[in-house]
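Presented below is the structure to which this report refers.
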Amino acid sequence: MTSTTTTPRSAAGSVALRGVTKVYGQGGSAVLALDGVSLDVEPGEFVCLVGASGCGKSTLLNLVAGLDLPSGGRIELGDANPGLMFQESALFPWLTVEANVEVPLKLRRLPRAERKARVAELLRTVHLADFGRTRPHQLSGGMRQRVALARTLALDTPVLLMDEPFGALDAMTRDILHDELERIWSERRLTVLFVTHNVREAARLADRIILLSSRPGRIIWSTRVDVPRPRRIDSPEIASIAAEVTDRLRTEVGRHGQ
Ligand code: ADP
Ligand code: MG
Numbered sequence: 002m003t004s005t006t007t008t009p010r011s012a013a014g015s016v017a018l019r020g021v022t023k024v025y026g027q028g029g030s031a032v033l034a035l036d037g038v039s040l041d042v043e044p045g046e047f048v049c050l051v052g053a054s055g056c057g058k059s060t061l062l063n064l065v066a067g068l069d070l071p072s073g074g075r076i077e078l079g080d081a082n083p084g085l086m087f088q089e090s091a092l093f094p095w096l097t098v099e100a101n102v103e104v105p106l107k108l109r110r111l112p113r114a115e116r117k118a119r120v121a122e123l124l125r126t127v128h129l130a131d132f133g134r135t136r137p138h139q140l141s142g143g144m145r146q147r148v149a150l151a152r153t154l155a156l157d158t159p160v161l162l163m164d165e166p167f168g169a170l171d172a173m174t175r176d177i178l179h180d181e182l183e184r185i186w187s188e189r190r191l192t193v194l195f196v197t198h199n200v201r202e203a204a205r206l207a208d209r210i211i212l213l214s215s216r217p218g219r220i221i222w223s224t225r226v227d228v229p230r231p232r233r234i235d236s237p238e239i240a241s242i243a244a245e246v247t248d249r250l251r252t253e254v255g256r257h258g259q
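Every number in this note's numbering is 1 more than the matching position in the sequence shown, counting from 1.
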């Protein structure tokens, strides 16, 4: 959940980065996190961003979300602010599931009856229709991420930014959430920019995988995943794409002597 100050210029649902650079700090302690990243994401495209830890993946997502400003270059979005989801669900623990999902609807000043109807619909979408009255601590990690997804969808934005959203979940739960996310993405024709260091997850989900170099983050390689959907994470096609990405990633990490 966030807003951005980036000037709207492009088609709804598109995301464009033009020579985006990000420097943290100043002088001798300055860190160049991103260096001239250019990227065009088409409306409705599912793009996975992979790279070693610390290569600038979260930085890139935060810049697109408008949580931080680039040091150089620019970011062009359609007229809607993107929704952002993290590894931790970041739900309000004192609010029920319903009330959590309702927050963006209240911020958008929807009338009460409409809010209630939208919350019910969103909870059905993430298969939590019976859990509206529970509180986050009563739910499993996977269920909390479903709530976070419903809350992000409540923004009604065409662009979803996801920063390792399933990174803390067990493989089985992650597998189910991949199916759910794929269904929601295709039903709602969302544009998704999804960060992960899990190459299988990237191959399972993405139309296109983008590889970032170790610091400073630059786009060093990308590939289209032309495997028909629905996909299975344990299928030979996905495994072979994941193996190729792993090779590229190994070469990159090796180049940095880590
Ligand atoms: P990733 O998400 O790929 O692990 P990050 O985008 O979090 O990488 O970080 C990229 C680099 O920028 C790292 O070296 C990190 O230490 C540094 N960095 C991230 N955020 C800040 C910040 N607020 N201040 C200073 N350095 C930061
Ligand atoms: Mg990160």
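For each residue, glycine too, the CB sits at the ideal point set by N, CA and C.
Every value quoted in this text rests on a predicted model; they were computed, and no experiment measured them.
Environment of the ligand ADP, chain-ordered: TYR25, GLY26, VAL32, ALA34, GLY52, SER54, GLY55, CYS56, GLY57, LYS58, SER59, THR60 and ARG216, taking every residue with Cβ within less than 6 Å of a heavy atom. Nearest neighbour of VAL200 by Cα position, chosen from LEU170, ILE239, THR174 and VAL193, turns out to be ILE239. Contiguous beta strand (DSSP E) elements confined to the region 30–87 occur at 32–42, 47–51, 73–78 and 84–86, taking only those with 3 or more residues. CA-to-CA, the gap between VAL246 and VAL42 works out to about 20 Å.
Non-local beta-carbon contacts of LEU123 in its own chain, meaning distances under 7 Å to residues more than five positions away in sequence, involve VAL102, ALA151, LEU154 and ALA155 in chain order. For ALA34, the closest of LEU40, GLY45, VAL21 and GLU46 by C-alpha to C-alpha distance is VAL21.
In the structure shown, VAL228 falls within a coil segment according to DSSP collapsed to helix, strand and coil.
With a threshold of 7 Å, the Cβ atom of ASP164 counts as near the ligand MG, since some heavy atom of the ligand is closer than that. A residue is called buried when at least 16 other Cβ atoms come within 10 angstroms of its Cβ; ARG175 meets this threshold and is buried. Per the DSSP secondary-structure output, VAL254 pairs with nothing in a beta bridge. Between the C-alpha atoms of SER223 and GLY45 there is a straight-line separation of about 18 Å. For SER15, the three-state secondary structure derived from DSSP is coil.
Judged by beta-carbon spacing, ASP36 lies within the 8 Å limit of ARG219, meaning their Cβ atoms are closer than that value. Counting other Cβ atoms within 10 Å of its Cβ, LEU213 reaches 16 or more and is therefore classed as buried. Rounded to whole angstroms, the gap between the alpha carbons of GLN146 and ILE211 is 24 Å. Within the region 100–129, the complete alpha helix (DSSP H) segments at least 4 residues long are 113–126, listed from N- to C-terminus.
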